[in-house]
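Quick note, the working numbering runs 4 ahead of the 1-based positions in the sequence shown.
Heads up, the beta-carbon is just placed ideally off N, CA and C, and yes, glycines get one too.
All remarks here apply to the structure that follows.
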Amino acid sequence: MHALASSRRPAYPPNPLIRPASLESHDDPLAFVTRPPLHESPQERQARLRAEHDARLHSEAIDAKLSLERDQIRRRKAAGEVKLLLLGQAESGKSTLQKQFQFLYAPHSINNERTSWRAVIFLNIIRSIKVVFDAVFLNLDLREQAHSNQRRPASSTSNISDDVIRLDMINIKARLEPFLQFEDRLASQLIGGIQLSSATPKKGFYVRSGWQWNLPHRSDRSHTDITNLGRPSTTELDEMTEPILGILIECGGEIHTLRTHAFVQRLIQSRKLKLDEWSDYFLVNIRRIATPNYMPTDSDILRARVQTMGISEHQFTVSQNGVGAGSSLPWLLYDVGGSRGQRHTWAPFFEDATAVIFMAPISAFDQYLDEDYRVNRVQDSLELFGQIVENELLRDVHMVLFFNKADILAKKLEQGVEVTRYITSYGTRPNTYHEVCAYFKEHFMKMCTRADKKHAEAKAAKLAGKGYIHSSSSTQIHRPGAMKNASSSKQSNANGKDNINGKKDVNGKEREKDGPKEEYKRALFTHFTSMVDTKSTQKIIVAVHDSLLRESLKHAKLL
Ligand SMILES: Nc1nc2c(ncn2[C@@H]2O[C@H](COP(=O)(O)OP(=O)(O)OP(=O)(O)O)[C@@H](O)[C@H]2O)c(=O)[nH]1
Ligand SMILES: [Mg+2]
């Protein structure tokens, strides 16, 4: 009643002192606010009309752009386009998976980029050497301090050997200096001159995704950096890496001496020096890399580490019946930066997503976030996964969960690293690969079940509001027909395994399709993966592709 009354025209005449007379209307507050100035000169009037005209054009341009985007989305959907989001914390392997897609579906494009990857690899090597020296000198300093605290005589043997080690290391460092000094130049070339306050100064540098695609001669660009800023041209990068390779060739032997030095080996074995997987890979392979005409191999490219900043879109044309045969579908793959500071940028991409591949690096149980050293990385991954599956916009989206870095997990467990030391809830369970995988999987599954329950409750509440009856079970809802998106009611797995509810449905049949009751449980596909293993990863990609394709075709028919 009150609302109605207040929206009526006031019964009393407008107060001329408060609201001066207007040609358009006495009552309209908008007309009052937007009225022209009372004593406008002809020039002012002309300028105002021009500004209004420009603003109108600008507004119309925005409307047209939005409408075009909506049309494009509608057309893409109608064409069965698959929009795939790669999500997960930093270092979880998203960009590595994107590279595997590229190897599989656009191998020519990665060949065009091959030379450019040298810059990243050289920078990875420089950073790794610095990490080794930091650990070496820190540990030598600590030992010296401990030694002097014990007030041992200066001639003690361990002190003498430490002095020899220190001298050794100082000499190696001096010989590597000409190579190490390229760090800033390489980093600034890759970053494209953008000043960044990196969240991980200890080892990381951010690069806008797509830096390697700025090839002037390429016309078949299959990637777009949608948050693009100026980047160096690839030829510039390539020219720059030639002399660096020359210097690397001269000091490659020295890097090998450093990596195999007895003191460095001791630090690695005692876990006082933890080299990232890519660091160790490049140091171990230094003799192969430090050679004339070095060209990165597929494996080198997969291992090369750059932190993604922003979101990059990759387009692939994927054939319907396995690779290279039959008709094809456009796939859009979005690779995002996974550090905490970047996660807020993901949300706009949730709308219209066909599927999410969430990467959970299960080897990281003994690691902590670079952004917050108090947070265990597996814990962060689990919480992040919880937020993703609970997100309302992703409610009916096809979910694929990759328990990644399984190779590193196996290696750590073999070396005797105990999960329970870092994740106390693991308790006295056997420290075996099988048990650890099952334990982590169970926790991620619980997150999904919890999210499903919440979605079901929300949906039931909504339906109850519309006059439908809510069943007593919180995971069941009554509704008139099948769910709009088949993926939300399906439990299929391309391999017929690893289904969230333990129900295998190799044929991908829908449960209770047209029944009046239907549980809300989304399709979730899980795989234990090693992204650097091309053969197994590509098999998994094809399996995921096939299952997504079935869903997307079904979805397209519904439009
Ligand atoms: N050994 C091994 N290394 C992996 C695996 N997955 C990724 N890596 C390596 O881990 C590093 C980080 O992987 P990225 O793909 O760059 O991680 P990301 O999720 O894109 O990280 P951000 O861009 O920071 O969000 C790379 O050097 C990869 O080669 C894996 O399964 N096994
Ligand atoms: Mg990345």
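In DSSP terms, what residue i is bridged to
{"i": "N380", "result": "Y372"}
{"i": "I361", "result": "L90, V404"}
{"i": "W335", "result": "V86, F320"}
{"i": "T538", "result": "DSSP lists no partner for T538."}
{"i": "V340", "result": "I315"}
Residue i burial status per 10 Å Cβ neighbour count (16 or more: buried)
{"i": "P220", "result": "A caution first: P220 carries a pLDDT of 39, below 50, which makes its placement in the model unreliable, though a value can still be read off. Counting Cβ neighbours within 10 Å, P220 comes out exposed, since fewer than 16 surround it."}
{"i": "N143", "result": "buried"}
{"i": "D376", "result": "exposed"}
{"i": "G97", "result": "buried"}
{"i": "M363", "result": "buried"}
{"i": "I544", "result": "buried"}
{"i": "A150", "result": "exposed"}
{"i": "H531", "result": "buried"}
{"i": "S551", "result": "buried"}
{"i": "N175", "result": "exposed"}
{"i": "E28", "result": "Note that E28 has pLDDT 44, beneath the 50 cutoff, so the model's placement of it is unreliable and no number is given."}
{"i": "N153", "result": "exposed"}
{"i": "P247", "result": "exposed"}
{"i": "Q273", "result": "exposed"}
{"i": "M535", "result": "buried"}
{"i": "T358", "result": "buried"}
{"i": "E85", "result": "buried"}
{"i": "S316", "result": "buried"}
{"i": "S429", "result": "exposed"}
{"i": "T436", "result": "exposed"}
{"i": "S47", "result": "The residue you asked about is not Ser; residue 47 is Gln in the sequence shown. Under this definition Q47 is an exposed residue."}
{"i": "H459", "result": "buried"}
{"i": "R235", "result": "Low confidence applies here, because R235 scores a pLDDT of 46, under 50, leaving its location unreliable; read the following figure in that light. It counts as buried."}
{"i": "H549", "result": "buried"}
{"i": "K409", "result": "buried"}
{"i": "Q50", "result": "exposed"}
{"i": "V288", "result": "exposed"}
{"i": "E56", "result": "exposed"}
{"i": "D58", "result": "exposed"}
{"i": "K466", "result": "exposed"}
{"i": "E64", "result": "exposed"}
{"i": "V168", "result": "exposed"}
{"i": "K69", "result": "exposed"}
{"i": "D145", "result": "exposed"}
Bounding residues of the alpha helix (DSSP H) (the contiguous stretch that carries residue i)
{"i": "H402", "result": "Where H402 is concerned, there is no enclosing alpha helix (DSSP H), although the beta strand (DSSP E) it sits in stretches over 402-408."}
{"i": "Q104", "result": "98-109"}
{"i": "Q311", "result": "Taken as a continuous stretch (DSSP letters only), Q311 belongs to no alpha helix (DSSP H), being part of the beta strand (DSSP E) at 311-313."}
{"i": "M449", "result": "437-469"}
{"i": "L142", "result": "121-153"}
{"i": "W282", "result": "281-288"}
{"i": "F186", "result": "That residue, F186, is in no alpha helix (DSSP H); it is neither H nor E in DSSP."}
{"i": "R307", "result": "302-307"}
{"i": "A266", "result": "266-273"}
First through last residue of the beta strand (DSSP E) which encompasses residue i
{"i": "F532", "result": "528-532"}
{"i": "Q419", "result": "Unbroken run through Q419: none, as it is neither H nor E."}
Three or more C-beta pairs below 8 Å linking the segment 313-323 and the segment 124-143: In this structure the segment 313-323 does not lie against the segment 124-143, because fewer than three pairs of beta carbons, one per stretch, are closer than 8 Å.
Inter-stretch contact at 8 Å, needing at least 3 Cβ pairs: the segment 111-119 / the segment 365-374: No contact exists between the segment 111-119 and the segment 365-374.
Assess contact between the segment 261-278 and the segment 165-183, defined as three or more Cβ pairs (one per stretch) separated by less than 8 Å. Is contact present? Yes, the segment 261-278 is in contact with the segment 165-183.
The segment 383-394 in contact with the segment 434-452 per 3-pair CB rule at 8 Å: Flag = yes, the segment 383-394 and the segment 434-452 touch.
Would you call the segment 92-109 and the segment 289-307 touching, i.e. three or more CB-CB distances under 8 Å? Contact between the segment 92-109 and the segment 289-307 is present, because at least three Cβ pairs lie under 8 Å.
So, do the segment 432-445 and the segment 413-423 have three or more beta carbon pairs nearer to each other than 8 Å? The segment 432-445 vs the segment 413-423: in contact.
Below 8 Å, how does it come out for the segment 347-355 and the segment 125-139: are there three or more Cβ pairs, yes or no? Counting C-beta pairs with one atom in each stretch, the segment 347-355 and the segment 125-139 have fewer than three that are closer than 8 Å, which means they do not touch.
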